[in-house]
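Trainee:
Number of protein chains: 2
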Amino acid sequence: MPEPLTKELGDRLRSVVGDAWVITEADRLLAYESDGLTAYRKTPRAVVLPRTTDEVSCVLGILSQEGVPVVPRGAGTGLSGGALADADAVVVGTARMTDILELDPENRLARVQPGLVNVNLTAAAEPFGLYYAPDPSSQTACSLGGNVAENSGGPHCLKYGVTSRYVTGLTVVTYDGKILEMGGFGKESGGYDLLGVFVGSEGCFGIATEIEVRLLPQPEGVLTLLAIFDRLGDAGRAVTEIMAEGLLPAALEIIDGPTIRAVEASVFAAGFPTDAEAALVVEFDGIEAGLPSDVERAIAHCRDAGAREVRRADSEEERLALWKGRKKAFGAMGQIGNDLMVQDGTVPRSKLTDVLGQISEIGARHDLTIANVFHAGDGNLHPNIIFDRSDADEVARVELASKEIMAVCVEAGGTITGEHGVGLDKRRYMSLVHGPSELDAMQRVKDVFDPLGLLNPGKVLPDPPDSVEAVS
Amino acid sequence: MPEPLTKELGDRLRSVVGDAWVITEADRLLAYESDGLTAYRKTPRAVVLPRTTDEVSCVLGILSQEGVPVVPRGAGTGLSGGALADADAVVVGTARMTDILELDPENRLARVQPGLVNVNLTAAAEPFGLYYAPDPSSQTACSLGGNVAENSGGPHCLKYGVTSRYVTGLTVVTYDGKILEMGGFGKESGGYDLLGVFVGSEGCFGIATEIEVRLLPQPEGVLTLLAIFDRLGDAGRAVTEIMAEGLLPAALEIIDGPTIRAVEASVFAAGFPTDAEAALVVEFDGIEAGLPSDVERAIAHCRDAGAREVRRADSEEERLALWKGRKKAFGAMGQIGNDLMVQDGTVPRSKLTDVLGQISEIGARHDLTIANVFHAGDGNLHPNIIFDRSDADEVARVELASKEIMAVCVEAGGTITGEHGVGLDKRRYMSLVHGPSELDAMQRVKDVFDPLGLLNPGKVLPDPPDSVEAVS
């Protein structure tokens, strides 16, 4: 059990954020015992919910004076355990920092607080014909601050790029309570790119309290098609051919047979044939007049690769129906088992089929159901393993399989994460992709922002080899 | 005069790179006395031209053992003095490292040496229907390593983004000769983003010896138009209206009246009317079928804003003719005066017209000819000041005007560089946009890679306030 805050420390924090926003009661702390990676659970010492940059600065100033470890938390949807707090740590959450501070249609910029839910930014920009491009699958729940921390991607990042491409300025509070301004004005602002290294630092460098992002004009038109395949490899070949022709779809997403069957068995049934082994969603957006020719060419590639059926959405309603199976895949799998390990790895596009075959073998060997959902266009795999965390043997097999999946991705010239971050879960795999010199450089960059190592401790970097706590 | 290398040091360097590639003769060193910013000139102690990563590592290992400052140099086209070397420094150049190490059309990636000239990568990718998107105006001369160091932009970066969006992996040699691998595999590789902070570090963190970049499919079609205006403000308004409608041109470039007259008076005459005050180049690319409607809308906006004439390119030949005045603008101005100070600043797009008016006033007040060429779409200004460096009074006025132009950009919510970097020239302006905490964080990030401060010393960051060498 966590040690309670002293009365004096609690009072000081309450005097900054107000009585209601320092959470210390055991039953309320339960809501913070895990993030989206539910396999790990720990209860923090307290949760503090500030409202402004100045409050974050005061809260961190107080906690750092006392040497209390701090774990930043956005919406808690992260999938690598990055928001998990040890019993000696206080969670500083951004849930109340949801304001849109400025919307500047003329310069296509927005300045927002970090707790703003991703999809709400697009909703606010819509009347101006604009939208915020990065669209994590959790976009109705995840917040911009978390997106910055994880450098989040999403289905449409194939064409539009991930979060780092859109963040143009940050106000950041470091562990000692200091406020730093990075970038801004819609452009890097000259000098070394602090912004570049902060985005994706997983809450280990500071808490972003104001975020300036680029908005894009809404595409004039969207056309979507769904192709059904009897063999996963055929879907992979269709992806290769579509990309090889020089087409640039906005999204290229595959869900595999086990995922199709999970979706169809759930309340999210989307009308997939349950004997199919792959469904490929291809979406094009842009100037209306240019879309039909692209779609025709994509359909031809799907048929050539062996698609048994290609459906095309001719209305927004039909489009949402085609996406339903993809968007609800995680939810559907969550209904099957007690727990879901959403893995995340990246391989060169050309190795997709081969790696998926190996992942299937790994599942069979460990007697686990592995269902794959993936951003095929940029080689970002999400093998999902359904398990029951009360079954110690199964948990051990999930661990083994996860490790083997990571090794297969790295072996194929890929890496251990595409968009979910390293967090707590993948520190142990960092040495698969980075040598001692690179890990040392990363540690020293971390030291620039957090020399005491008390902001989100135990995340991202593996313990040094001589540490007794080394994760095996 | 620089102190010559000792025979022993020279011999050790020659044993690594070969006798021909250690330059110490005074007349040959003259070629390295400045980069594209010719207002500053200094002669380095020697120039070493290695061929491989291992040779760079050995050369830096030897020089760092002796405590010799090192200045990395690409093609020497930089415009902020970033490649200028003091008399105690040795230049390590990448001119011989021009290999394309791997071209991978299937994954749309290329791995190249840093000395490869920008346009040569596109030439090599062309047979596969691919190209390298960032296109600095110097792209026929500048090299990929320099592009990485400066995070270079170019006319088409309005739509496609700057260098950092395309660099997916780097092999880097730090001052002590250590080799670091950053990113790779077409994706960030997990952990803190060393790649993100290295790109744009202006040769102060290490020398990139292998560069992996993303390639794009060539757009199916391109349509270009050129609009002539009697008033610069009208051209600015056309830009605002084009962007406000949600059109996304590949390029939106303006050259002003003084530039038009410089071009027409030069061997690069492009057929502009010399009494015009602005020429606006608008280019759209993408799916052929979608282009005409965009172009029609852009033409309408130009006419509404008061264009006296709009020319449209209907062939590749006509397209190159329309671009000629823009592409050759620097060359034309170089013919007028002895020296050219190419300034570089960024302002929010909405402030363009106002800032250009202020820059014009600054020129008049200091009796200087300032000609503006700019990436209007993303608010990146290039005020060019023609001067004679043998005229001390004029040089002093150029300095004053440059400083005032920077202040005007910052005052408008912009910044001191868009794409040319800080280098030597703009260190003195860094405190206009960054506070002490941010400058301190930048210094400490620099220390991670170069704790002795001997790689490209005296660049980017201002001297600390207590330094006697502080630039006023």
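Which chain is which? The protein sequence lines are P and R, in order.
Mapping of the first sequence onto our numbering: position 257 corresponds to residue 257, and the numbering continues sequentially without gaps.
To convert, take the position in the second sequence, counting from 1, and add 1000; that gives our numbering.
For glycine and all other residues, C-beta sits at the position ideal for the given N, C-alpha and C.
1. Would the region 190-197 of chain P and the region 1187-1204 of chain R be scored as touching if the rule is three or more Cβ pairs under 8 Å?
2. Skipping 5 residues on each side, what residues in its chain have a beta carbon closer than 8 Å to that of P:Lys-42?
3. Based on Cα-Cα distance, which residue from P:Lys-178, P:Val-213 and P:Cys-204 lies nearest to P:Thr-168?
4. Listed in chain order, which residues of the region 239-253 of chain P have Cβ atoms closer than 9 Å to some Cβ of chain R?
5. Under the three-state reduction of DSSP, which class applies to P:Ser-472: helix, strand or coil?
6. Going by other Cβ atoms of all chains shown within 10 Å of its Cβ, with 16 needed for buried, is R:Leu-1320 buried or exposed?
7. Does DSSP put R:Met-1001 in a helix, a strand or coil?
8. Per DSSP, P:Pro-217 forms a beta bridge with which residues?
9. Could you round the C-beta distance between R:Pro-1114 and R:Leu-1454 to whole angstroms and report it? I think they count as a contact, below 8 Å.
10. Need the endpoints of the alpha helix (DSSP H) that R:Pro-1436 sits in, please.
11. Using a Cβ-Cβ cutoff of less than 6 Å, which residues in the same chain neighbour R:Val-1222 once the five nearest sequence positions on both sides are dropped?
12. For P:Gly-184, decide whether its Cβ has a neighbour in chain R, counting only Cβ atoms nearer than 9 Å.
13. Quick check on P:His-156: does DSSP put it in helix, strand or coil?
14. Can you tell me whether DSSP reads P:Ala-329 as helix, strand or coil?
15. Would you be able to state if there are at least three C-beta pairs under 8 Å between the region 337-345 of chain P and the region 244-255 of chain P?
16. Name the residues in the region 1122-1147 of chain R whose C-beta lies less than 7 Å from a C-beta of chain P; which are they?
17. Would you list, in chain order, the members of the region 1262-1289 of chain R that have their beta-carbon closer than 7 Å to a beta-carbon of chain C?
18. For R:Thr-1259, which residues in the same chain have their Cβ closer than 6 Å to its Cβ, ignoring the five residues on either side in sequence?
19. Give every residue of the same chain whose Cβ lies closer than 6 Å to the Cβ of R:Arg-1073, excluding the five residues on either side of it in the sequence, and list them in chain order.
20. Buried or exposed for P:Ala-250, please, with buried defined as at least 16 other CB atoms from any protein chain shown within 10 angstroms of its CB.
21. Mind listing the chain P neighbours of R:Lys-1178? Cutoff is C-beta to C-beta under 7 Å, in chain order.
22. Helix or strand or just coil, what does DSSP make of P:Val-119?
23. Per the contact definition of three or more C-beta pairs closer than 8 Å, is the region 46-62 of chain P in contact with the region 143-158 of chain P?
24. Would you say P:Lys-426 lies against chain R (beta-carbon separation less than 9 Å)?
25. Can you give me the C-alpha to C-alpha distance between P:Leu-60 and P:Thr-163, rounded to a whole angstrom?
26. Please tell me whether R:Pro-1155 and R:Phe-1128 are closer than 9 Å, where the distance is taken between their beta carbons.
27. How is R:Asn-1147 classed by DSSP in three states: helix, strand or coil?
28. If I measure Cβ to Cβ from R:Pro-1002 and keep anything under 6 Å in the same chain, skipping five residues before and after, which residues do I get?
29. Write down the C-beta distance between P:Phe-229 and P:Gly-325 rounded to the nearest angstrom, noting that I regard them as a contact closer than 8 Å.
30. Helix, strand or coil for R:Val-1173, going by three-state DSSP, please let me know.
31. DSSP three-state call for R:Leu-1194: helix, strand or coil?
32. Report the three-state DSSP secondary structure of R:Gly-1345 (helix, strand or coil).
33. Pick out whichever of R:Leu-1013, R:Val-1433 and R:Gly-1421 has its Cα sitting closest to the Cα of R:Gly-1036.
34. Of all Cβ atoms in chain P, is any one closer than 9 Å to the Cβ of R:Pro-1292?
35. Can you tell which of P:Gly-67, P:Asp-11, P:Leu-215 and P:Ala-95 has the C-alpha that lies nearest to the C-alpha of P:Ala-31?
36. Between which two residues does the beta strand (DSSP E) holding R:Ile-1386 run?
Mentor: For this structure:
1. yes
2. Numbered from 1 along the first sequence, position 42 holds the residue referred to as residue 42 of chain P. If we look at P:Lys-42 and ignore the five residues flanking it on each side, its Cβ neighbours are Glu-33, Ser-34, Leu-84, Ala-85, Asp-86 and Ala-87.
3. As a working note, residue 168 of chain P is residue 168 in the first sequence. That would be P:Val-213, whose Cα lies nearest to the Cα of P:Thr-168.
4. Thr-240, Met-243, Ala-244, Glu-245, Gly-246, Leu-247 and Leu-248
5. In the first sequence, counting from the first residue as 1, residue 472 of chain P sits at position 472. Its pLDDT being 37, under 50, P:Ser-472 is placed unreliably by the model, and the measurement read from it follows with that caveat. Here P:Ser-472 sits in coil by DSSP.
6. Your numbering for residue 1320 of chain R matches position 320 in the second sequence. So R:Leu-1320 counts as exposed.
7. Translated into the one-based positions of the second sequence, residue 1001 of chain R becomes position 1. In this structure, R:Met-1001 counts as coil in the three-state DSSP scheme.
8. Walking along the first sequence from the start, residue 217 of chain P turns up at place 217. In the DSSP output, where bridge partners are listed per residue, P:Pro-217 has P:Leu-130.
9. Here residue 1114 of chain R corresponds to residue number 114 of the second sequence, with the count starting at 1. Here residue 1454 of chain R corresponds to residue number 454 of the second sequence, with the count starting at 1. R:Pro-1114 to R:Leu-1454, Cβ: 20 Å. No contact.
10. Here residue 1436 of chain R refers to the residue found at position 436 of the second sequence. Start and end: 1436-1449.
11. Taking the second sequence and counting its residues from 1, the one referred to as residue 1222 of chain R is at position 222. Correct list, in chain order: Asp-1285.
12. Locating residue 184 of chain P in the first sequence gives position 184, where the first residue counts as 1. True, the Cβ-Cβ gap to chain R drops below 9 Å.
13. Counting from one through the first sequence, the residue named residue 156 of chain P turns up at place 156. DSSP places P:His-156 in coil when its eight states are reduced to three.
14. Start at 1 with the first residue of the first sequence, and residue 329 of chain P comes out as number 329. Helix at P:Ala-329.
15. no
16. Gly-1129
17. In the structure shown, chain C does not exist; the protein chains are P and R.
18. As a first step, residue 1259 of chain R is located in the second sequence; it is residue number 259 there, counting from the start. Cβ neighbours of R:Thr-1259 beyond the five flanking positions: Ala-1329, Ala-1371 and Val-1373.
19. Stepping through the second sequence from its first residue, residue 1073 of chain R is reached at position 73. Excluding residues within five positions, the ones whose Cβ falls inside 6 Å are Ala-1083, Val-1091 and Gly-1093.
20. Position 250 of the first sequence holds residue 250 of chain P. Under this definition P:Ala-250 is a buried residue.
21. Taking the second sequence and counting its residues from 1, the one referred to as residue 1178 of chain R is at position 178. Going along chain P in sequence order, the residues near R:Lys-1178 (Cβ under 7 Å) are Ser-437.
22. Taking the first sequence and counting its residues from 1, one reaches residue 119 of chain P at position 119. Helix.
23. no
24. Here residue 426 of chain P refers to the residue found at position 426 when the first sequence is read from its first residue. It does; some Cβ of chain R falls within 9 Å.
25. Taking the first sequence and counting its residues from 1, the one referred to as residue 60 of chain P is at position 60. Taking the first sequence and counting its residues from 1, the one referred to as residue 163 of chain P is at position 163. When rounded, the distance between both Cα atoms is 26 Å.
26. For the purposes of this step, residue 1155 of chain R is taken as residue 155 along the second sequence, with counting starting at 1. For the purposes of this step, residue 1128 of chain R is taken as residue 128 along the second sequence, with counting starting at 1. In this structure, R:Phe-1128 does not lie closer than 9 Å to R:Pro-1155 by Cβ.
27. The residue given as residue 1147 of chain R occupies position 147 in the second sequence. Reduced to three states, the DSSP call for R:Asn-1147 is helix.
28. For the purposes of this step, residue 1002 of chain R is identified with residue 2 of the second sequence, where counting begins at 1. Excluding residues within five positions, the ones whose Cβ falls inside 6 Å are Thr-1043, Arg-1045 and Ala-1087.
29. Numbered from 1 along the first sequence, position 229 holds the residue referred to as residue 229 of chain P. Numbered from 1 along the first sequence, position 325 holds the residue referred to as residue 325 of chain P. The Cβ separation is near 14 Å, so there is no contact.
30. Here residue 1173 of chain R is taken as the residue at index 173 of the second sequence, counted from 1. Three-state DSSP puts R:Val-1173 in a strand.
31. Position 194 of the second sequence, counting from 1, holds the residue named residue 1194 of chain R. Helix, per DSSP.
32. Taking the first residue of the second sequence as position 1, residue 1345 of chain R is located at position 345. Three-state DSSP puts R:Gly-1345 in a strand.
33. Walking along the second sequence from the start, residue 1036 of chain R turns up at place 36. Among R:Leu-1013, R:Val-1433 and R:Gly-1421, the Cα nearest to that of R:Gly-1036 is on R:Gly-1421.
34. Along the second sequence, read from residue 1 onward, the residue named residue 1292 of chain R stands at position 292. Taking Cβ atoms only, chain P reaches closer than 9 Å to R:Pro-1292, which makes this a yes.
35. Along the first sequence, read from residue 1 onward, the residue named residue 31 of chain P stands at position 31. Ranking P:Gly-67, P:Asp-11, P:Leu-215 and P:Ala-95 by Cα distance to P:Ala-31 puts P:Ala-95 first.
36. On the second sequence, position 386 is the one that residue 1386 of chain R refers to. Element bounds for R:Ile-1386: 1380-1387.
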